[in-house]
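Right, one structure below, let's go through it.
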Amino acid sequence: MNEIYEKLEACVKAVQRKTDFQPQIALVLGSGLGDYADTIRIEQTVEYREIEGFPMSTVAGHKGRFVFGYVGNVPVVAMQGRVHYYEGYSMADVVLPIRVMGMLGAKKVILTNAAGGVNFDYHPGDLMLITDHITTAVPSPLIGANIDQLGSRFPDMSEVYSRRMQAAVKEAAGMLSIPLKEGVYVQTTGPAYETPAEIRMFRSWGADAVGMSTACEAMAARHMGLEVCGISCITNLAAGMSEKKLNHAEVQETTDRVAAEFQKLITESIARMA
Numbered sequence: 001m002n003e004i005y006e007k008l009e010a011c012v013k014a015v016q017r018k019t020d021f022q023p024q025i026a027l028v029l030g031s032g033l034g035d036y037a038d039t040i041r042i043e044q045t046v047e048y049r050e051i052e053g054f055p056m057s058t059v060a061g062h063k064g065r066f067v068f069g070y071v072g073n074v075p076v077v078a079m080q081g082r083v084h085y086y087e088g089y090s091m092a093d094v095v096l097p098i099r100v101m102g103m104l105g106a107k108k109v110i111l112t113n114a115a116g117g118v119n120f121d122y123h124p125g126d127l128m129l130i131t132d133h134i135t136t137a138v139p140s141p142l143i144g145a146n147i148d149q150l151g152s153r154f155p156d157m158s159e160v161y162s163r164r165m166q167a168a169v170k171e172a173a174g175m176l177s178i179p180l181k182e183g184v185y186v187q188t189t190g191p192a193y194e195t196p197a198e199i200r201m202f203r204s205w206g207a208d209a210v211g212m213s214t215a216c217e218a219m220a221a222r223h224m225g226l227e228v229c230g231i232s233c234i235t236n237l238a239a240g241m242s243e244k245k246l247n248h249a250e251v252q253e254t255t256d257r258v259a260a261e262f263q264k265l266i267t268e269s270i271a272r273m274a
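Following UniProt numbering, the numbering of the sequence shown begins with 1 at its first residue and continues without gaps.
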């Protein structure tokens, strides 16, 4: 049996020994958004460190646990803290949590992140619905022997981000009067921020936002047949687009400022997706 799949099964069984909760929707809470998990009706939490072999985040602000509970009447599992490729993990480990949540029963995944704006029409604090992504700058999580139990060798990626889920988010944003951009997200390896030349290249590719996560998770989710939605919080303009130097403190400040609005959007979107 595939070693990656064996590890997945072991992680799933470790979680199931602690809870029999059946999630319908999985949430990945990005930088500055982890507190959303504290607002749901919590049934059970499982610390990542309680799951043997599970990757642990080394980034400040990422708590490191699964939260099982309800948003309204919708059963969800939320990740408070994700791991990134730049932390030194293999890409298989980076997407392992997504696969675990799918194997626990989730059929839909909402991915959130903090991202830099590549589009000059974007401003810090904007929310962007991801319509497509570019992963040229990072290795595919599907490289290696295919895990037939999860999906096909050559999965179709013509609609990574579900149009149905996008429509639900747009309806929710309209109802809440929350401005919502739509655009293409490009993932880089990090941890260094991009150079101005790289940002100019990404803009020429058609990218609107850039970050260090999410696209690889979306690819792994689609490989196993999950519906995917992605929302970015634009925390800063990318390198070379302003005179300001980039720093992580600015990312945290912006996500803190728009957290309440972002949380309302997620809650209303989940109600419509279910």
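Note that beta-carbon positions come from the ideal geometry of N, C-alpha and C, so glycine has one too.
Exposed unless 16 or more other CB atoms sit within 10 angstroms - verdict on residue i
i           : result
His-133     : buried
Asn-119     : buried
Arg-82      : buried
Pro-55      : buried
Glu-243     : exposed
Phe-66      : buried
Pro-23      : buried
Lys-181     : buried
Met-128     : buried
Ala-221     : buried
Met-273     : buried
Ile-143     : exposed
Ala-239     : buried
Met-165     : buried
His-84      : buried
Ser-204     : exposed
Met-212     : buried
Thr-214     : buried
Ser-158     : exposed
residue 277 : No statement about residue 277 is possible, as the shown extent of the chain runs from 1 to 274 and does not include it.
Asp-38      : exposed
Thr-136     : exposed
Residue i, enclosing beta strand (DSSP E) - first and last residue
i       : result
Gly-183 : 181-187
Ala-115 : 108-117
Arg-65  : 65-71
Gly-211 : 209-211
Same chain, Cβ closer than 8 Å to residue i, neighbours up to 5 away in sequence not counted
i       : result
Ser-140 : Met-91, Cys-216, Met-219
Val-15  : Val-46, Ile-51, Phe-66, Val-100, Leu-104
Ser-162 : Lys-108, Glu-227, Val-228, Cys-229
Val-251 : Ser-31, Gly-32, Ala-114, Thr-235, Asn-236
Tyr-70  : Ile-40, Arg-41, Glu-43, Val-76
Asn-73  : Ala-274
Tyr-89  : Pro-55, Val-83
Cβ distance (whole Å) where residue i is taken to contact residue j below 8 Å
i           : j       : result
Leu-226     : Gly-102 : 5 Å
Glu-194     : Val-210 : 6 Å
Ala-10      : Gly-64  : About 18 Å separates the two Cβ atoms, so there is no contact after all.
Thr-255     : Cys-233 : 6 Å
Glu-261     : Ile-178 : 6 Å
residue 276 : Arg-17  : Outside the modelled stretch of the chain, which goes from 1 to 274, sits residue 276, for which no answer is possible.
Gly-190     : Tyr-86  : 4 Å
Ile-231     : Ala-106 : Incorrect: roughly 17 Å between the Cβ atoms, too far for contact.
Per-residue DSSP class, three states only, for residue i
i       : result
Asp-148 : coil
Gln-80  : strand
Asp-132 : strand
Arg-203 : helix
Gly-30  : coil
Gln-44  : strand
Ile-266 : helix
Thr-195 : coil
Glu-227 : strand
Val-74  : strand
Thr-255 : helix
Thr-58  : coil
Thr-235 : strand
Run of the alpha helix (DSSP H) containing residue i, from where it starts to where it stops
i       : result
Val-15  : 3-16
Val-169 : 163-176
Gly-102 : 91-103
Below-7 Å beta-carbon distance, residue i vs any chain C residue
i       : result
Arg-222 : Here chain C cannot be found, since the structure has a single protein chain.
Spatial neighbours of residue i in its chain, beta-carbon cut-off 6 Å, leaving aside the 5 residues before and after
i       : result
Phe-21  : Glu-43, Gln-44, Phe-68
Gly-151 : His-223, Met-224
Val-186 : Ile-134, Phe-202, Ala-207, Val-210
Gln-263 : Tyr-36
Val-169 : Leu-129, Ser-269
Beta-carbon contacts of residue i that lie in its chain and below 7 Å, excluding the five residues immediately before and after
i       : result
Met-79  : Leu-27, Val-28, Leu-29, Phe-66, Pro-97
Gln-149 : Tyr-5
Ala-173 : Leu-180, Leu-265
Ile-147 : Asn-2, Ile-4, Tyr-5
Ala-145 : Asn-2
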